[in-house]
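Remarks on the structure that follows.
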Amino acid sequence: MGTMLEINPVTIESDGEYRCQGTNEVTKNTVNSQFTVHVRENIRPKFVEKPEDITVPVNGSVTFRCTATGDPQPKIRWTINGEDPSSYLDGVRKVLHGNTMQLNNLTIKDSAVIQCNASNKFGYAFTNAYVNVC
1 MGTMLEINPV TIESDGEYRC QGTNEVTKNT VNSQFTVHVR ENIRPKFVEK PEDITVPVNG
61 SVTFRCTATG DPQPKIRWTI NGEDPSSYLD GVRKVLHGNT MQLNNLTIKD SAVIQCNASN
121 KFGYAFTNAY VNVC
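Per UniProt numbering, residue 1 is the first one in the sequence shown, and the count goes up by one each step.
In structure tokens form, the structure reads like this:
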């Protein structure tokens with residue numbers, strides 16, 4: 001006759017090693033089985049490093065960094081005034097490298113709201129910074 005182990009609800013405390021032992025009552029033979037359960041927490045994005053407001057002179061440059069933690073690891077997406085940076089500035093003046101965005105040779109018209117968006121399947125977080133060119 002078989003038996004079943006059911007873990008309900010699964011929590012972070014359910015993580016660990018489980019053992020099962022079965023004995024045949026007629027032959028007295030014993031069988032052991034062992035398995036490990038790994039429980040992953042579902043963690044929404046949370047910022048570790050955020051871009052900050054900054055004032056930059058004309059023709060100046062600025063580098064924004066944005067880092068978030070979560071499980072699974074959040075993806076970082078940038079916007080400038082709510083738009084995709086590729087449609088806002090040309091590739092020479094804007095450089096994107098994952099969690100870093102660099103803006104170069106800025107003009108007064110480049111003053112903008114910079115937004116960093118971090119998302120995974122469990123949530124979304126955003127933070128804004130203002131770049132003022134004068």
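Quick reminder that beta carbons are idealized off the backbone N, C-alpha and C, glycines included.
key: Local conformation of D71 per DSSP, three classes   = Here D71 carries a strand assignment [DSSP, helix/strand/coil].
ask   = Can you check whether the CB of I80 is closer than 9 Å to the CB of A118?
value = Cβ atoms of A118 and I80: not closer than 9 Å.
key: Local Cβ density within 10 Å of V31, reported as buried at 16 or more and exposed below that   = Result: exposed.
Candidates T127, D71 and N24, of which the one nearest N42 by Cα = Nearest of T127, D71 and N24 to N42, Cα basis: D71.
query = For L96, which option in N128, F47 and C66 has the closest C-alpha, if you only look at C-alpha atoms?
reply = Closest by alpha carbon: C66.
key: The beta strand (DSSP E) enclosing I54, as first and last residue numbers   = I54 to V56 is the extent of the beta strand (DSSP E) around I54.
task = Could you spell out the range, first to last residue, of the beta strand (DSSP E) harbouring N132?
result = For N132, the enclosing beta strand (DSSP E) starts and ends at G123 to V133.
key: Delimiting residues of the beta strand (DSSP E) encompassing C66   = First-last for C66: undefined, no H or E at that position.
query = Given that a residue counts as buried once 16 or more other Cβ atoms are within 10 Å of its Cβ, and exposed if not, what is C116?
reply = Counting other Cβ atoms within 10 Å of its Cβ, C116 reaches 16 or more and is therefore classed as buried.
task = For G22, collect the residues of the same chain with a Cβ closer than 6 Å to its Cβ; drop the 5 residues on either side in sequence, then sort them by chain order.
result = In its chain, beyond the 5 residues on either side, V31 have a beta carbon closer than 6 Å to the beta carbon of G22.
ask   = First and last residue of the beta strand (DSSP E) that includes P45?
value = Per DSSP, P45 belongs to the beta strand (DSSP E) from I43 to E49.
key: Three-state secondary structure (DSSP) of I80   = It is a strand residue.
ask   = Are the CB atoms of A47 and T127 nearer to each other than 9 Å?
value = According to the sequence shown, residue 47 is Phe rather than Ala. F47 is a Cβ neighbour of T127, given a cutoff of 9 Å.
ask   = Hey, quick one: how far does the beta strand (DSSP E) through R19 stretch, first residue to last?
value = That run of the beta strand (DSSP E) goes G16 to T23.
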